[in-house]
C-alpha cells in the first residue's frame, strides 16, 4: 500500500513540476496562422515543440525552466524570443514577417529547361538483415539533413522521398533549405555552424510532406512555392512533427524505441547521389551540422531546372 501511495504522489509531483503551456502563432500584420514553427528553450533545446499546420502549439515546461527565454522560429519570419511561464495558457504570439519576393519574370525568363537531378529512383535502397528497407531513425526534435552542392543556380519544382518498410505510415515531415555565402568553408567530420550572418533561408516557406505510402512519394511544388537553389552548397534540414501518440518519436537510450515513419537511405556512395548525409543539431541558439563522406544519403530526389 505504501509503495502504491508513493508512486501516486510521485506522479502528481511530476505533473506539478512540469506544467503545460499552449497557444498559437500568427502573422503580426495579417493575423493569419503561422504553421510549423520551431519552439525551443534557449538554455535547453530539447524543451519545446513544433507548431502544427494551424499554428497551434503545446508542451510542458519543467519548473527549472519556468520564466526562461523561448525562441519561436519560422521560415519567412524573424525569430521572436519570449519568457514563458508554466502557467501561460492560450497565448497569441505575433511573428514579424521577413519580406521575400520571388521574381517570377526573372525566373520564367531564365529557366533553360535543362534538367538537373539529385538522387534517382534507379539507385538501390538500403535494407536491414530482415530484408526490409530502412533508413533515418529520427530522434524527437533532432532532425537530419543532407548537403547539395550545385554547379549552377536552379529552380526546385519537384521533390520525391522513399518511405521505408520500417516504421508506421502517416507521419508529417517538414523540410527547410539553408544557403551560405561564399566565405563559408565546411570541414568533414566537424560541427559546422549555420545560424549566423553567413547563412540564410533559401526556402521562404516550409516544404511539408506526408508518409502516405511505402516506397517513392512525389510532390510537385506550386509555382508560388518554387525554390531557387543557389550555386554552391545548400543544407536541407528535415524534421518530423509529433502527431498523436502513435506518431511521436522518442529515443530512449536504453531501449531505443522509435515510432513514426522512416525516410529510407540509398545504398550507393554519396558521389553518385550528389547528396551528402548530415547529422543536424537544429532548434537551439547554436545550430550545427556535421557530415561524414561514408554516411549513406537519404533516399530523396530533387528535380530542378537550370537557370541561366
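Numbering (our numbering), first residue to last: 114 to 421.
Where is the CB? At the ideal position from N, CA and C, for every residue including glycine.
Integer Cβ distance of residue i from residue j, believed to fall under 8 Å
{"i": "residue 291", "j": "residue 388", "result": "Not really, about 15 Å apart at Cβ, beyond 8 Å."}
{"i": "residue 425", "j": "residue 420", "result": "Summary: the structure shown does not reach residue 425, with the chain confined to residues 114 through 421, and so no result is reported for it."}
{"i": "residue 181", "j": "residue 196", "result": "7 Å"}
{"i": "residue 423", "j": "residue 386", "result": "With the chain running from 114 to 421 in the structure shown, residue 423 is simply not present."}
{"i": "residue 400", "j": "residue 307", "result": "6 Å"}
{"i": "residue 183", "j": "residue 305", "result": "Contact flag wrong, Cβ pair sits at about 25 Å."}
{"i": "residue 276", "j": "residue 328", "result": "7 Å"}
{"i": "residue 284", "j": "residue 162", "result": "Not really, about 16 Å apart at Cβ, beyond 8 Å."}
Length of the line joining the Cα atoms of residue i and residue j
{"i": "residue 324", "j": "residue 414", "result": "15 Å"}
{"i": "residue 348", "j": "residue 147", "result": "23 Å"}
{"i": "residue 124", "j": "residue 353", "result": "Residue placement at residue 124 is flagged as unreliable, the pLDDT there being 43, under the threshold of 50; a coordinate-derived value is accordingly withheld."}
{"i": "residue 160", "j": "residue 336", "result": "36 Å"}
{"i": "residue 274", "j": "residue 152", "result": "26 Å"}
{"i": "residue 239", "j": "residue 200", "result": "47 Å"}
{"i": "residue 412", "j": "residue 391", "result": "13 Å"}
{"i": "residue 169", "j": "residue 145", "result": "12 Å"}
{"i": "residue 301", "j": "residue 408", "result": "11 Å"}
{"i": "residue 229", "j": "residue 345", "result": "14 Å"}
{"i": "residue 248", "j": "residue 296", "result": "33 Å"}
Burial state of residue i, where buried means 16 or more other Cβ atoms lie within 10 Å
{"i": "residue 142", "result": "exposed"}
{"i": "residue 135", "result": "exposed"}
{"i": "residue 234", "result": "exposed"}
{"i": "residue 246", "result": "buried"}
{"i": "residue 282", "result": "exposed"}
{"i": "residue 289", "result": "buried"}
Limits of the unbroken beta strand (DSSP E) element including residue i
{"i": "residue 385", "result": "Careful: residue 385 lies outside any beta strand (DSSP E), inside the alpha helix (DSSP H) at 383-386."}
{"i": "residue 263", "result": "257-263"}
{"i": "residue 377", "result": "374-377"}
{"i": "residue 288", "result": "285-293"}
{"i": "residue 186", "result": "182-186"}
{"i": "residue 347", "result": "345-353"}
{"i": "residue 267", "result": "267-280"}
State whether the stretch 374-383 contacts the stretch 309-322, with contact taken as three or more CB pairs (one from each stretch) at a distance under 8 Å. no
Count the CB pairs spanning the stretch 174-193 and the stretch 201-211 that are closer than 8 Å, and state whether there are at least three. yes
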